[in-house]
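Going down the list, the protein sequences come from chains U and D. For the first sequence, the numbering used here gives the first residue as 1, with consecutive numbering after it. For the second sequence, the numbering used here gives the first residue as 1001, with consecutive numbering after it. All C-beta atoms, glycine included, are put in the ideal place defined by N, C-alpha and C. One structure below.
2 protein chains.
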Amino acid sequence: MTKKKNREIILAKRPEGMPREDDFRLIETEMPECKDGMVLVKTLYLSVDPYMRGRMNGVKTYISPFELDKTITGGIVGEVVETRSPDLKAGDIVTANLGWRDYNAADSREVRKIDPGPAPVSTALGILGMPGLTAYFGLLDIGKPSSGETVVVSGAAGAVGTLVGQIAKIKGCRVVGIAGSDVKTKYLIHELGFDAAINYKTTADIKKALKDTCPNGVDIYFDNVGGDISDAIMPLLNFKARVVLCGQISQYNMNKPEQGPRVQPYLLVKSALMKGFIVMDYADRSEEGIRQLAQWISQKKLKYTEHVVEGLENAPKAFIGLFTGENLGKQIVKVS
Amino acid sequence: MTKKKNREIILAKRPEGMPREDDFRLIETEMPECKDGMVLVKTLYLSVDPYMRGRMNGVKTYISPFELDKTITGGIVGEVVETRSPDLKAGDIVTANLGWRDYNAADSREVRKIDPGPAPVSTALGILGMPGLTAYFGLLDIGKPSSGETVVVSGAAGAVGTLVGQIAKIKGCRVVGIAGSDVKTKYLIHELGFDAAINYKTTADIKKALKDTCPNGVDIYFDNVGGDISDAIMPLLNFKARVVLCGQISQYNMNKPEQGPRVQPYLLVKSALMKGFIVMDYADRSEEGIRQLAQWISQKKLKYTEHVVEGLENAPKAFIGLFTGENLGKQIVKVS
C-alpha cells in the first residue's frame, strides 16, 4: 500500500502588481503527522480574500507576510479525519486559519468547531465568518447608521459589500451600491434590495450618477475599493459623515500609494470621520456578531451568495479573480 | 459738533490664491444706531483666523460666505459704550461675532459679557475663546491622548498649536511640534515645554526628522496645516492612531484640492482614525472647556502668547500674515 500524499500551494514568487498564477506553485508533500493534542483536518473549503494580497509583499503590516516557498495560509473549513485530542472527534467540522493543503495537522486549540445546523458549513468562511463580522462591525460600530441615512458601498457585490448593504437596509437606510457589472448591479437591486446600484465600468460620469442616486448626500461611505471611486464620493459627504475604510482593493497591486485629490479638506469642512479597521479589532465581540448574523439569516433578512471554484489547484486562479471582479458574493474554493 | 464717523473693512474682491491687501477696503460709514434691545460696542480687539479664508470664497461650507462689498465679520472683544438693553451696562466688556468696525451695534442677546478678572480681555479671542476650545476639544475628544503617547502638532506655533502641545504635555504625552522658523521652534521647546520641534522650512528631510523625534511612532497627529507635512507623518502612524483635522492652512489658498499620496491605505493597515471637526460641534460644552482652560492658566500649567498688530486699518495685513507665518501664538488686532 502506497502512503497517501498531501498537496499544498506555496508562494513561489512575490507578485509584482497584479498577481499571476506562476507566483504560486502546487507541490506534493508527505501527509502531516497528527501528534498528541492535534487533529488531522481534511480541507473541505478554503477562503480567498483580498487582504491576503498584502501578505504576499515582504512587509509586515498588521499581520506578518507570507514567506517565500512556504504554504499560503488562510481561512479553511474542514473535517476532522483523525484526532489525538479529547476536544474533537472524527467527523467534526471545524474552521481555522490553516495552510492551502488537502490535509492540515493542527493543534486542537487553534481550530473552532462549527455547528453544521443553521447554514452550510462553507458560510464559516463568509457570512458567519470573517467577511460577515467585517461587515457587521465596520458598518455598525464605525458607520453607526441611523434610519433614513444614505449609505454608499463600494465593492458592493463582494463578500463584505453584499452584507453591508443588506444590514444597512435592516437599519432603515437608503443604500446605493457600486459594482463592476450589470449582472452584479441587478443582483444588488433585485435580489438584495439595494435602492440603487452603479456599474462603475460602464458609467461615464460617476459623480453625476452618485448625485442622482444620493439626492440627500452621503452619510456613510463603506469603502472596500479606494481610488477614483472614493474620490467621487468625497464631495457628497454630509455633515458628520462617516467613511468606513474596510478595503482598498484598487490599490493592493500598486507598489506605492497612488496620488489622488487630498481628502482632508472634505473631511474638515464636514466634521466627517474616516476610520480604518480590521476584523481582529473586534475579536472579543465576535460571538455577538455571529449570533446576530445567524439570526438575520434565519429570519430571512439576510441573504448570502457564494461563488465556488472547485479544486485546490484552482485556488490561485480564484484568488486572482478577486482583483478582476470575477466573484459575486463570497469567493471560496471547494477542495474536497 | 460734527457727528462721529465709523470705519469698517469690507471684502472688495474675492481673493484668488493668497489674499492681498487690495482684496479688502477700509471705508467710512455713519455710526450705527443703537436701537431698543441693543448695545453699541466699541471694538477693543478683533480676531483674524485662518478659517476666515474659506468664507472669502463664494461657497457655503459649514458657514455662509462673506458677501462682496459687505463688512468682514469675526470675533471681537469690545466695550459697551451705549446700552438700550437691561442686560448690559456701559463699561461692560463683551465678546461677539461682529463686523470689523470701530463700533458695532448688536442685539444684546448676541454678545457675551466676559469677566475681565482672570486674564486680559483679549484672551476671549484666543486661549479663552475659539482657538482655546478648538485645541481643547480637538485634542481631548478626538485625539484622546493617553500618558506616554506621542503627539505631533503641525502649525505648532499658532494660536491652536501652542495650546494643543501644552495640553498634551499636561496629559503626559511626548510632544513634537512642527513650525516655520527657529524662533518658533525654540519658543516651543524652551518656553512651552515641547519635547522636540522641527523647522519645516530648514529641515531637508522631514520624514527623517520625524522618525528621529518620534522613535515610538505617532499616536496622535493634530493637523493644522495639511499638505506635504501631513504626508510625511502618515507612514509613522501607530496602530489605532488618531489624526485630528483641525485646519489645512497649506491648502486654503488653492482653487481645488491638491493631489497627494492617498491616506486611506495608511489608515487601513493601522486601524487609524482621521476626523475633521469645527469648534461649533462642541458648542454645548464650551463652558466646560473655558473653565478648564482658565484653571490651567491660573495653575500656571498653560501659557499663551498673543501677536498684536495695531489699528483697524491693519487687520487685512494681520490676516494675510497668518498664511505667511508672521504670528507666534494668537494673532489679534488692537483697534482701540
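The beta carbon of residue 275 of chain U sits closer than 8 angstroms to some beta carbon of chain D. Its Cα nearest to that of residue 213 of chain U, the residue U/236 stands out among U/252, U/230, U/236, U/305. Proximity of the region 241-260 of chain U to the region 1261-1273 of chain D meets the contact definition, three or more beta-carbon pairs being nearer than 8 angstroms. Any Cβ of chain D closer than 8 angstroms to the Cβ of residue 144 of chain U would place that residue at the interface, and such an atom is absent. Looking at the DSSP output, residue 1224 of chain D bridges to nothing.
For the region 265-289 of chain U, the set of residues with a beta-carbon nearer than 9 angstroms to any beta-carbon of chain D comprises 265, 266, 267, 268, 269, 270, 271, 272, 273, 274, 275, 276, 277, 278, 280, 281, in chain order. Taking the Cα positions, residue 1120 of chain D is about 32 angstroms away from residue 1226 of chain D. Residue-level contact check: residue 226 of chain U touches chain D, since one or more beta carbons of chain D fall below 8 angstroms from its beta carbon. Counting C-beta pairs with one atom in each stretch, the region 1287-1304 of chain D and the region 295-309 of chain U have fewer than three that are closer than 8 angstroms, which means they do not touch.
Residues of the same chain with a CB within less than 6 angstroms of the CB of residue 1118 of chain D, apart from the 5 flanking positions on each side, are 1294 in chain order. For residue 1108 of chain D, DSSP records no beta bridge to any residue. By the C-beta density criterion, residue 1008 of chain D is buried, having at least 16 other C-beta atoms within 10 angstroms. In chain order, 1010 place their CB closer than 6 angstroms to the CB of residue 1069 of chain D, counting only its own chain and leaving out the 5 sequence neighbours on each side. Contact of residue 1200 of chain D with chain U is not assigned, every C-beta pair being separated by 8 angstroms or more. At least 8 angstroms separates the beta-carbon of residue 1149 of chain D from that of residue 1072 of chain D.
At a cut-off of 8 angstroms between beta carbons, residue 1262 of chain D contacts chain U. When 8 angstroms is used as the limit between beta carbons, residue 1245 of chain D is near these residues of chain U: 264, 267, 268, in chain order. In this chain, residue 1267 of chain D is not harboured by any beta strand (DSSP E); it is covered by the alpha helix (DSSP H) spanning 1264-1269.
Comparing alpha carbon positions, the residue from D/1299, D/1242, D/1116, D/1113 closest to residue 273 of chain U is D/1242. Interface flag for residue 1134 of chain D against chain U is unset, since no Cβ pair is found closer than 8 angstroms.
Among the bridge pairs identified by DSSP, residue 101 of chain U is matched with U/8. Interface residue (Cβ-Cβ distance to chain D less than 8 angstroms): residue 258 of chain U is classified as such.
At a cut-off of 8 angstroms between C-beta atoms, residue 1230 of chain D counts as an interface residue with respect to chain U. 8 angstroms or more divides the Cβ of residue 1140 of chain D from the Cβ of residue 1075 of chain D. When C-beta distances to chain U are compared with 7 angstroms, the residues of the region 1053-1071 of chain D below that value are 1061, 1062, in chain order. Each of D/1097, D/1103, D/1037 was checked against the Cα of residue 1028 of chain D, and the nearest Cα belongs to D/1103. In the structure shown, residue 275 of chain U adopts extended strand secondary structure according to DSSP, grouped into three states.
In this chain, residue 1047 of chain D is not harboured by any alpha helix (DSSP H); it is covered by the beta strand (DSSP E) spanning 1038-1047. Secondary structure at residue 1199 of chain D: strand, using DSSP grouped into helix, strand and coil.
When secondary structure is reduced to three states using DSSP, residue 1316 of chain D falls in the helix class.
Under the Cβ criterion (8 angstroms, minimum of three pairs), the region 317-325 of chain U counts as touching the region 36-50 of chain U. Annotation: residue 1315 of chain D to residue 1168 of chain D spans about 31 angstroms, alpha carbon to alpha carbon. The Cβ of residue 1248 of chain D sits closer than 8 angstroms to at least one Cβ of chain U. A distance below 8 angstroms between beta-carbons, with the five flanking residues on each side excluded, links residue 105 of chain U to the following residues of its chain, in chain order: 32, 33, 34, 35, 38, 39, 40, 41.
In this structure residue 58 of chain U is not in contact with residue 252 of chain U, their Cβ atoms being roughly 15 angstroms apart against a cut-off of 8 angstroms. DSSP lists U/237 as the bridge partner or partners of residue 218 of chain U.
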